[in-house]
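Written out below as structure tokens is the structure these notes cover.
Number of protein chains: 2
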Amino acid sequence: MINKLAIVGLGLIGGSLARALKKKGCVAEIIGTGRREASLIKAQELGVIDRWTLDLGEAVAQADVVVIATPTLIAEKVLADLKPHMRRSLIVTDVASVKGSLVDAARRIFGEVPPQFVPGHPIAGSEQSGVEASREDLYVNHRVILTPAQGTDTDALAVIRNMWANTGAEVLEMAVDEHDRVLAATSHLPHVLAYALVDALASNGSAEEIFKFAAGGFRDFTRIASSDPVMWHDIVRANRDAVLSSMDDFSTRLAELRAAIESDDSAEILDTFTRAKSARDEYFLSQYQVTTKE
Amino acid sequence: MINKLAIVGLGLIGGSLARALKKKGCVAEIIGTGRREASLIKAQELGVIDRWTLDLGEAVAQADVVVIATPTLIAEKVLADLKPHMRRSLIVTDVASVKGSLVDAARRIFGEVPPQFVPGHPIAGSEQSGVEASREDLYVNHRVILTPAQGTDTDALAVIRNMWANTGAEVLEMAVDEHDRVLAATSHLPHVLAYALVDALASNGSAEEIFKFAAGGFRDFTRIASSDPVMWHDIVRANRDAVLSSMDDFSTRLAELRAAIESDDSAEILDTFTRAKSARDEYFLSQYQVTTKE
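Each protein sequence line maps, in turn, to chains A and B.
To convert, count from 1 in the first sequence and add 209; that's the numbering used here.
To convert, count from 1 in the second sequence and add 209; that's the numbering used here.
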């Protein structure tokens, strides 16, 4: 049970967390704060939060937990703004898609990573955004990755673990670097590729005709290129090294495949496509089985 | 009205064409042929065709139209097998995803492209395959591209146009090179990228963990990597030059984006992502409007 929970940033992610915890009845009061008054008013109208304030210090006074639910790059600013209001009994967590840059920022701001700071990343989202799109079941059967350090307070970790478990999520722990490397490969790289592909085609002189003949496969493949450009700009910048490394691994593989196509190496082309299909079918089948079991 | 229609290859594409034409009642008899007896037996059991034979010559005797509905590279072999059975009154069409290689093959086999050969490409498909997956509505509101040459018989063209129109498809004409270039960009390139990405991740030492954290965006993005590897191997080989050219355009754009990320060029990253999102949203919105109007 959390007595008072403060949420900074009432969008899809923060709003859905509030809804899930309210439904479960495991938090006494939820206070919203952030820079956009309209979102806070809307969140209270929708019953997502109990009250709101534009004053961060007021929001976290007497709070047990504060969740920084802003976009990735803004989370660093919120940490800095939190500094004068920090106390040992205030547990801090966040939802940023990149963990290394935020942990580095915490170290810069506080001198060391505060033991009551538990970095987190719920792997959930939607093409929609804003508190209006928030749902109490957004996290059900989704994964939440926490990246505690050696010095992280075990009680703080337990509270945040429990908070996410109450939303229906599966809570896992990973090292910061590992998190950022894995997410670069499975999420950040695909977004970069989709944006680059659509931009390459759109800048072609025959763009209109090219898109006219795009079928269902292309629509699925490029769906993530319709994601929020500002959010993804932030993520790519925050996770630069891991994103570049993922791009290089991919480009190396693509160059090998290009060479096979150019030299009409039938066996190599077929091997590559067959390996890829097998890997995708196998992993998604096993993931699906895990999900349905849950 | 087609009196006798022969279909070579009873899979999803050939089977769905047969079902659509039977439903519309615009063909008197459909004769199936091909190499896989089991598919032909199944097609007759399902009522997709009226009768079948393993003998291509027998299948096309007295036929008005023969549709080569085999995979891309096999279509060339079927054209060669058709040579001794060709007559001026037998209209020939096909469904191959690449048109240049098949037109070249026709020129090699017949000395010139026969005037009664109307190359075609229905832009429709499914992750499923086989005659069991065939549907009478597969082509409704989908595009079929015909790539006639200057010497193509206008009556033959009209018959094939009319045949596809009877399936509910929108029939368009394009030059062979243009078709292959546009399809390379919107279909062949995305498949190559999806296969390359999954293969790059699968060959990573932490593949299992990487796939474990793949979320919905990754699943959509890589769906086409679960497509039939043999079919796509054929397509990429048949359309080699246009595929290589598309890959190079993409790689150039990706390298520019990589440079922007490496130098932390915030404006350039944001511009690229924003342009891509706008292009995708705009084109798919306008395409959707066309589709709903039809």
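Note that CB positions come from ideal geometry on N, CA and C, so glycine has one too.
Just so you know, these numbers come straight off a predicted model, no measurement behind them.
Query	Result
Through-space distance from A/Val391 to A/Ser455, alpha-carbon basis	9 Å
8 Å Cβ cutoff met for B/Val175 and B/Leu355	Outside the displayed span of chain B (210 to 503) sits residue 175 of chain B, for which this structure offers no information.
A/Ala451 beta carbon less than 8 Å from that of B/Ala411	no
Buried/exposed call for A/Ile222, threshold 16 Cβ in 10 Å	buried
Of the listed residues B/Thr262, B/Ala447, B/Ser248 and B/Tyr404, nearest to B/Ala342 (C-alpha basis)	B/Ser248
Own chain partners of B/Gly218 with C-beta closer than 6 Å, once the 5 adjacent residues on each side are dropped	Gly243, Ala278 and Thr279
Rounded separation between B/Ala272 and B/Pro399 - CA only	38 Å
Proximity test, Cβ basis, 8 Å: B/Asp362 and chain A	no
Nearest candidate by alpha-carbon position, reference B/Gln359, set B/Arg370, B/Lys232, B/Gln325 and B/Ile433	B/Gln325
With 16 other Cβ atoms within 10 Å as the buried cut-off, status of A/Gly220	buried
Whether A/Ala405 touches B/Leu466 by CB criterion (8 Å)	yes
Nearest to B/Thr481 (by Cα), restricted to the options A/Phe422, A/Asp437, A/Glu477 and A/His330	A/Asp437
Beta-carbon separation (whole angstroms), B/Ala485 vs A/Val349, contact threshold 8 Å	So it is not a contact: roughly 31 Å between Cβ atoms.
Cβ neighbour criterion (16 or more within 10 Å) applied to A/Pro449	Checking the displayed sequence, the identity of residue 449 of chain A turns out to be Arg instead of Pro. It is buried - the Cβ of A/Arg449 has at least 16 other Cβ atoms within 10 Å.
Beta carbon proximity, B/Tyr348 to chain A, threshold 8 Å	no
Same chain, Cβ closer than 8 Å to A/Asp290, neighbours up to 5 away in sequence not counted	Leu265
Boundaries of the alpha helix (DSSP H) in which A/Gly241 is found, first to last residue	Segment Val236 to Thr242 is the beta strand (DSSP E) holding A/Gly241; no alpha helix (DSSP H) there.
Exposure of A/Thr376, with buried meaning 16 or more beta-carbon neighbours within 10 Å	buried
Within the segment 296-384 of chain A, ranges of the alpha helix (DSSP H) (whole runs, at least 4 residues)	309-319 and 363-374
Beta carbon proximity, A/His294 to chain B, threshold 8 Å	no
Host beta strand (DSSP E) of B/Lys213 (start-end)	Ile211 to Val217
Contact set for B/Met210: own chain, Cβ-Cβ below 7 Å, skip 5 residues either direction	Cys235
With 16 other Cβ atoms within 10 Å as the buried cut-off, status of B/Gly334	buried
Beta-carbon proximity of A/Thr262 to A/Ile239, cut-off 8 Å	no
Interface partners of A/Pro328 on chain B, CB under 8 Å	Chain B residues near A/Pro328: none, gap ~16 Å exceeds 8 Å.
Candidates B/Ala315, B/Gln337 and B/Leu299: closest to B/Leu366 by CA position	B/Leu299
Interface flag, B/Lys502 vs chain A, CB-CB below 8 Å	Caution is warranted here: a pLDDT of 30 is assigned to B/Lys502, below 50, making its placement in the model unreliable, and the coordinate value is therefore given only provisionally. Output row for B/Lys502: interface = no.
Other residues of its chain near A/Ala394: CB distance less than 6 Å, five sequence neighbours each side excluded	Ser455
Partner residues on chain B for A/Val439, Cβ-Cβ distance less than 9 Å	Leu479, Phe482 and Thr483
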